[in-house]
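Visitor: Sequential numbering of the sequence shown, starting at 1, is according to full-length UniProt numbering.
Backbone N, C-alpha and C define an ideal beta-carbon position, used for all residues, glycine too.
Provided herewith is a single structure, encoded as structure tokens, for subsequent inquiry.
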Amino acid sequence: MKKLIISFIILLIVLVALLFYFTLSTNSFEGSVSEINKNGHIIVDCPVPDFGARDAIAYQCKVHLTDNTVITNDNGKVLSLSNIEIGDSVSVTLTKRSFLRKDFNSRTVEAKEITLLH
């Protein structure tokens, strides 16, 4: 009986940890472009959860682009960084799940794909 209770508690802890991981981390976000650096990054508004508020607060994320980053429009046409302008709305898909927090270093991410939204 003791082993069953311990197994249940461990399972519960694992499930709660997975729940927090997938609800507090993100693999994509949408935002407005506020800066474009031709050397491989753009600054995009990104949501950071604020546990005291109803909605996430928009902070700025530094989004690194690599040679593997694909830039498209919402119709799937391949674009280049020169097609993106300040003020454009974009959807950013990250190379890995990230925890976006108030700390700027946590908001420096790498893009797998950027979609220009219209």
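When burial is assigned at 16 or more other CB atoms within 10 Å of the CB, is residue 31 buried or exposed?
Guide: Here residue 31 refers to the residue found at position 31 of the sequence shown. The residue in question, residue 31, is buried, as its Cβ has 16 or more Cβ neighbours within 10 Å.
Visitor: Give a yes or no on whether the C-beta atoms belonging to residue 63 and residue 92 are separated by under 7 angstroms.
Guide: Counted from its first residue, the sequence shown places residue 63 at position 63. Counted from its first residue, the sequence shown places residue 92 at position 92. Taking 7 angstroms as the Cβ cut-off, residue 63 and residue 92 qualify as a contacting pair.
Visitor: Terminal residues of the continuous beta strand (DSSP E) containing residue 97?
Guide: Within the sequence shown, the letter at position 97 stands for residue 97. It spans 89-98 - the beta strand (DSSP E) in which residue 97 sits, taken as one unbroken run.
Visitor: Have a look at the DSSP bridge pairing and note the partners of residue 104.
Guide: As a first step, residue 104 is located in the sequence shown; it is residue number 104 there, counting from the start. In DSSP, residue 104 forms no bridge with anything.
Visitor: Give the single residue among 109, 94 and 84 whose Cα lies nearest to the Cα of residue 118.
Guide: Locating residue 118 in the sequence shown gives position 118, where the first residue counts as 1. Residue 118 has its Cα closest to that of 84, out of 109, 94 and 84.
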